[in-house]
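Position one of the sequence shown corresponds to residue 58 (our numbering), numbered consecutively onward.
Down below is the structure, laid out as structure tokens.
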Amino acid sequence: MIDTLEIIHKFYTPGTPLCDLLVKHSTQVAQLAQVLACRIMERHVPVDVEFVMEAAMLHDIGIIGTDAPGIYCTGTEPYICHGVIGRNMLDDLGLYRHALVCERHTGAGLSLKDIETQHLPLPHRPLLPVSIEEKLVCYADKFYSKAHPDDPTRTLDVARSKLLKFGDDTITRFDQMATLFGPP
Numbered sequence: 058m059i060d061t062l063e064i065i066h067k068f069y070t071p072g073t074p075l076c077d078l079l080v081k082h083s084t085q086v087a088q089l090a091q092v093l094a095c096r097i098m099e100r101h102v103p104v105d106v107e108f109v110m111e112a113a114m115l116h117d118i119g120i121i122g123t124d125a126p127g128i129y130c131t132g133t134e135p136y137i138c139h140g141v142i143g144r145n146m147l148d149d150l151g152l153y154r155h156a157l158v159c160e161r162h163t164g165a166g167l168s169l170k171d172i173e174t175q176h177l178p179l180p181h182r183p184l185l186p187v188s189i190e191e192k193l194v195c196y197a198d199k200f201y202s203k204a205h206p207d208d209p210t211r212t213l214d215v216a217r218s219k220l221l222k223f224g225d226d227t228i229t230r231f232d233q234m235a236t237l238f239g240p241p
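What follows is the structure in structure tokens.
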């Protein structure tokens, strides 16, 4: 098992608003992902729960490189790039499997079509969650806001409504995850 807080603290200063926000959000996502993992394992679907917990704690590590002052981020890249930034950060640490979760959790995943038609400043390749663990973190993340970390867990309808602006394909992917994992 890796020490996710130690990894976070390589990049974030403990006790700062940004670090506190990241840890709070990541903990919320990890706790829900664990509940959902246990639920799906009851249906005899194998899940690496330890990895899910680690990946959920690290999925947003790349926000530090983005320009998002509303959540204390003072980097230079657009926020949509935080997953790719996180992948690069974790790849550099040899955490390749965790890095893929970073890259693939944005929205309900991003298809190559999404990236091209929306002219997103991302690599031109599919950034879709593939493994059950990647899907768990991606899905659990949709129920919490970094901008409003003290808000209650979003309902399935609210989480879905936040994705409507990204189009039918995104909604279809989210609905498939909702069918697989159920409500929070």
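The C-beta atom is built at its ideal place from N, Cα and C for all residues, glycine as well.
Please read all numbers here as calculations on a predicted model, not as lab measurements.
Given 8 Å as the limit, is there contact between the region 84 to 103 and the region 199 to 214, that is, 3 or more CB pairs closer than that? yes
Could you check the C-alpha separation between His101 and Leu152 for me, to the nearest Å? Here residue 101 refers to the residue found at position 44 of the sequence shown. Here residue 152 refers to the residue found at position 95 of the sequence shown. Taking the straight line from one Cα to the other gives about 27 Å.
Out of Thr236, Thr131, Ile137, Glu190, which one is the CA nearest neighbour of Leu157? Within the sequence shown, numbered from 1, the residue matching residue 157 stands at position 100. With distances taken between Cα atoms, Leu157 lies closest to Glu190.
Since Leu115 is in the alpha helix (DSSP H), which residue starts that stretch and which ends it? Here residue 115 corresponds to residue number 58 of the sequence shown, with the count starting at 1. Annotation: the continuous alpha helix (DSSP H) that includes Leu115 extends over 106 to 115.
Three Cβ pairs or more, each shorter than 8 Å: is that satisfied between the region 115 to 122 and the region 133 to 153? The region 115 to 122 vs the region 133 to 153: in contact.
Contact under 8 Å by Cβ, Val104 with Met98: On the sequence shown, residue 104 is found 47 positions in, with the first residue counted as 1. On the sequence shown, residue 98 is found 41 positions in, with the first residue counted as 1. Judged by their CB atoms, Val104 and Met98 are nearer to each other than the 8 Å cut-off.
Suppose you measure from the CA of Thr131 to the CA of Leu115; what does that come to, to the nearest Å? Counting from one through the sequence shown, the residue named residue 131 turns up at place 74. Counting from one through the sequence shown, the residue named residue 115 turns up at place 58. Roughly 19 Å between the two C-alpha positions.
Is the Cβ-Cβ distance between Leu221 and Ile228 less than 8 Å? Counting from one through the sequence shown, the residue named residue 221 turns up at place 164. Counting from one through the sequence shown, the residue named residue 228 turns up at place 171. In contact: Leu221 and Ile228 (Cβ atoms closer than 8 Å).
Measure from the alpha carbon of Ala125 to the alpha carbon of each residue in Leu213, Val109, Leu79, Cys95, then state which is nearest. Taking the sequence shown and counting its residues from 1, the one referred to as residue 125 is at position 68. For Ala125, the nearest C-alpha among the options comes from Leu79.
When you compare the CB positions of Leu213 and Ala197, do they come within less than 8 Å of one another, or not? Counting from 1 along the sequence shown, the entry for residue 213 is found at position 156. Counting from 1 along the sequence shown, the entry for residue 197 is found at position 140. Against a cut-off of 8 Å, the Cβ pair of Ala197 and Leu213 comes out as no contact.
Residue from His155, Ile128, Lys81 whose Cα sits closest to the Cα of Phe108: Mapped onto the sequence shown, residue 108 falls at position 51. Of the listed residues, the one whose Cα sits closest to Phe108 is His155.
Between the alpha carbons of Cys138 and Thr210, how many angstroms are there, rounded? The residue labelled residue 138 in the question sits at position 81 within the sequence shown. The residue labelled residue 210 in the question sits at position 153 within the sequence shown. Straight-line spacing of the CA atoms in Cys138 and Thr210 works out to 25 Å.
Assigned exposure category for Asp171 - 16 Cβ within 10 Å defines buried: As a working mapping, residue 171 is identified with position 114 in the sequence shown. Buried: at least 16 other Cβ atoms inside 10 Å.
Between His176 and Gly166, what straight-line distance do the alpha-carbon atoms span, to the nearest angstrom? Numbered from its first residue, the sequence shown carries residue 176 at position 119. Numbered from its first residue, the sequence shown carries residue 166 at position 109. The straight-line gap from Cα to Cα measures roughly 15 Å.
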